[in-house]
């Protein structure tokens, strides 16, 4: 049967298209403008599509060195984000296994205490955290941004809730077969956590990739800083603002997170159901 176009559906459709355009048009304009020359971008006569397409901006981004090593920043961000993502999965999965599968006194009270502490604004911890990082000698090192990000409470809460949805009959069956706790963790529980692990990797990667405040504080060495604070430095490196280079670098910076979301989309939707990792 053909669905009838009611006024309500028409209004909803128009609103959805409008919202989509609000999100898509600026990104699309940024992409096409990255192929414009500096003169054309600053031209008062607005042109949505470049009159003359050029790859000079991308050549600059890939070959820039010295005070603005954009490609080096990109690689630094990639390394930091990848290490953080897999480190978070390893640490959080260990912790959540203890919070959900093992019985010990004060288990739930400790978890909810940690959860309550996480409600304090992150900015409150900036000075103490910097003092700790400086004491360990991690300033201008990757450890300064990787280690504090490993114990994200939001990721722990997400994985714990997902893990609680896995019946403990799996654990009991494995113990009957003589499996150790580590075997149950690695060969029984972890394979069922694939959807939520993918989402945590997505969240951790994008969180580190887009972080600006903390890396801007702990990095002063231009060659070692990640991309986001580097873009801020790039904006301040020129008194007359080379918009073409800044825009192109910004467009390049969104590519990894966009591709990651495309590949992780299926698991992201699965994780919306906290019991989706359990097969019947």
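In my numbering, the protein residues as written are 340 to 619.
Backbone N, C-alpha and C define an ideal beta-carbon position, used for all residues, glycine too.
Computed from a prediction, not measured in an experiment: that's the story for all the values here.
- Query: Quick one: is residue 578 buried, meaning 16 or more other Cβ sit within 10 Å of its Cβ, or exposed?
  - Reply: Note that residue 578 scores a pLDDT of 48, beneath 50, so its modelled location is shaky; the value from the coordinates is reported in the next line. Label assigned to residue 578: exposed.
- Message: Can you look up residue 489 in the DSSP assignment and give me helix, strand or coil?
- Response: Of the three classes helix, strand and coil, the one that applies to residue 489 here is coil, per DSSP.
- Starting from residue 477 and walking both ways along the alpha helix (DSSP H), at which residues does that stretch end? Boundaries cannot be given for residue 477, as no alpha helix (DSSP H) includes it and DSSP labels it neither H nor E.
- How many angstroms separate the CA atom of residue 385 from the CA atom of residue 552? So the two alpha carbons sit approximately 34 Å from each other.
- Message: Taking the alpha carbon of residue 470 as the reference point, which residue from 445, 583, 380, 557 has its own alpha carbon closest?
- Response: Proximity to residue 470 across 445, 583, 380, 557 peaks at 557, based on C-alpha coordinates.
- According to the neighbour-count rule (16 or more other Cβ atoms, all chains shown, within 10 Å of its Cβ), is residue 501 buried or exposed? Buried, since its Cβ has 16 or more Cβ neighbours within 10 Å.
- Message: Taking the alpha helix (DSSP H) that residue 372 belongs to, which residues open and close that run?
- Response: Taken as a continuous stretch (DSSP letters only), the alpha helix (DSSP H) holding residue 372 covers 346-372.
- Query: Ordered along the chain, which non-local residues of its own chain (more than five positions away) have a Cβ less than 7 Å from that of residue 478?
  - Reply: Excluding positions up to five away in sequence, the list reads 472, 557.
- Query: Secondary structure at residue 438, three-state DSSP: helix, strand or coil?
  - Reply: Looking at residue 438 - three-state DSSP - the assignment turns out to be helix.
- How close, in whole Å, do the beta carbons of residue 439 and residue 503 come, if the pair is a contact with beta carbons under 8 Å? Right, the Cβ-Cβ distance comes to about 5 Å (below 8 Å), so this counts as a contact.
- Alpha-carbon to alpha-carbon, residue 399 and residue 536: Answer to the nearest angstrom: the Cα atoms are 37 Å apart.
- Message: Between the alpha carbons of residue 530 and residue 497, how many angstroms are there, rounded?
- Response: C-alpha separation (whole angstroms): 16 Å.
- Task: Can you have a look at residue 512 and say buried or exposed, based on whether 16 or more other CB atoms are within 10 angstroms of its CB?
- Result: When all chains shown are included, residue 512 counts as exposed.
- Message: By the DSSP assignment, the alpha helix (DSSP H) with residue 546 in it spans what residues?
- Response: Membership of residue 546 in the alpha helix (DSSP H) is indicated by the continuous run 533-549.
- Which of helix, strand or coil does DSSP assign to residue 578? With a pLDDT of 48 at residue 578, under the threshold of 50, the modelled position of that residue is not reliable, and no figure is offered here.
- Item | Inter-residue CB distance, residue 573 and residue 583 (contact presumed, cutoff 8 Å) | With 8 Å as the limit, residue 573 and residue 583 do not qualify as a contact, their Cβ atoms being about 12 Å apart.
- Item | Closest Cα partner of residue 489 within the set 347, 419, 562, 594 | When each option's Cα is compared against that of residue 489, the closest is 419.
- Can you name, in chain order, every residue of its own chain whose Cβ lies under 7 Å from the Cβ of residue 600, other than the five neighbours on each side? Closer than 7 Å at the Cβ level, and outside the excluded window around residue 600, lie 541.
- Message: According to DSSP, is residue 390 part of a helix, a strand, or is it coil?
- Response: It is coil, neither helix nor strand.
- Item | Three-state secondary structure (DSSP) of residue 402 | Under the three-state reduction of DSSP output, residue 402 falls in the helix class.
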